[in-house]
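Worksheet: the structure to be examined is printed underneath.
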Amino acid sequence: IFPQILLSTFLSVIILFSKLRTIWLEWKQMIFYPILAGLSGKKILNVHNILFHFSFKTTRCIF
Numbered sequence: 036i037f038p039q040i041l042l043s044t045f046l047s048v049i050i051l052f053s054k055l056r057t058i059w060l061e062w063k064q065m066i067f068y069p070i071l072a073g074l075s076g077k078k079i080l081n082v083h084n085i086l087f088h089f090s091f092k093t094t095r096c097i098f
């Protein structure tokens with residue numbers, strides 16, 4: 036019984052984390068990126084996109 040409880044808790048934590056990550060990504064795209072682009076041109080935005088895609092791929096690989 037105990038390992039089953041542990042597994043379900045672990046799964047719910049993963050689901051919660053992925054939901055939070057989705058909300059954070061949407062929020063970041065709506066608010067953070069336009070402000071960043073407005074403040075300092077496109078160059079920093081491109082660097083941020085590269086970093087963001089890299090971190091997203093690495094988090095995808097973990098799950």
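The sequence shown begins at 36 in the working numbering and counts up one residue at a time. From the three backbone atoms N, C-alpha and C, an ideal C-beta is built for every residue, glycine too. Treat the numbers as computed from the prediction; the structure is a model and nothing was measured.
**Q.** Of the residues Met65, Ile66 and Leu60, the one placed nearest phenylalanine 87, counting alpha carbons only
**A.** Leu60
Q) Which stretch, first to last residue, makes up the alpha helix (DSSP H) that contains phenylalanine 67? A) Note, phenylalanine 67: premise wrong, no alpha helix (DSSP H); not H, not E.
(Q) Tell me which residue opens and which closes the alpha helix (DSSP H) that lysine 54 is part of. (A) 37-62
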